[in-house]
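S.K.: First, the structure itself, so that you have it in front of you.
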Amino acid sequence: MEYSPRYPQPFTLEQAIALDPEVASDEIGRLQNSIVHLRRTQNELKDYMEDPDVRQAVEENKVTLHDERIFMLKLALTHHGI
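Under the working numbering, the first residue of the sequence shown carries the number 3, and numbering increases by one thereafter.
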């Protein structure tokens, strides 16, 4: 199984496959929770986008990084038949 992430990730698909399925599932839950909080924060910061520091923070906090990581972990779980 091959996958090339669009963004740099802290692990490869091969490393994700090597994880215990329970660990991968727990990490998916943790990342999904992080996304909920990140989206809420991003929405709160929209009122302050004229501030260059806030604008930069919003850009750096792109949700797509976590979404891709979740996708990789789910792909790894399919390798385990889950």
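For glycine and all other residues, C-beta sits at the position ideal for the given N, C-alpha and C.
1) With a threshold of 8 Å, are at least 3 pairs of Cβ atoms found where one atom belongs to the region 15-33 and the other to the region 75-82?
2) In chain order, what residues of the same chain lie with their CB nearer than 8 Å to the CB of Met3, ignoring the 5 residues before and after it?
3) With Leu47 and Val38 assumed to form a contact (beta carbons below 8 Å), what rounded beta-carbon distance in angstroms separates them?
4) Report the rounded CA-to-CA distance for Val60 versus Gln44, giving the unit in angstroms.
5) What are the start and end residues of the alpha helix (DSSP H) that includes Phe73?
6) Given that a residue counts as buried once 16 or more other Cβ atoms are within 10 Å of its Cβ, and exposed if not, what is Met1?
7) Once the 5 residues before and after Leu33 are set aside, which same chain residues still bring their CB inside 8 Å of it?
M.R.: Let me spell this out:
1) yes
2) Sequence index remark: in the sequence shown, residue 3 carries index 1 (1-based). Cβ neighbours of Met3 beyond the five flanking positions: Leu15, Ile19, Leu77, His81.
3) Working through the sequence shown from its first residue, we reach residue 47 at position 45. Working through the sequence shown from its first residue, we reach residue 38 at position 36. The Cβ separation is near 15 Å, so there is no contact.
4) The residue you call residue 60 lines up with position 58 of the sequence shown. The residue you call residue 44 lines up with position 42 of the sequence shown. So the alpha carbons of these two residues sit roughly 6 Å apart.
5) Within the sequence shown, the letter at position 71 stands for residue 73. 66-81 is the span of the alpha helix (DSSP H), which, as asked, contains Phe73.
6) One cannot answer for residue 1 here, as it falls past the ends of the chain, which runs 3 to 84.
7) As a first step, residue 33 must be located in the sequence shown, where it is residue number 31. These residues qualify, in order along the chain: His68, Arg71, Ile72, Leu75.
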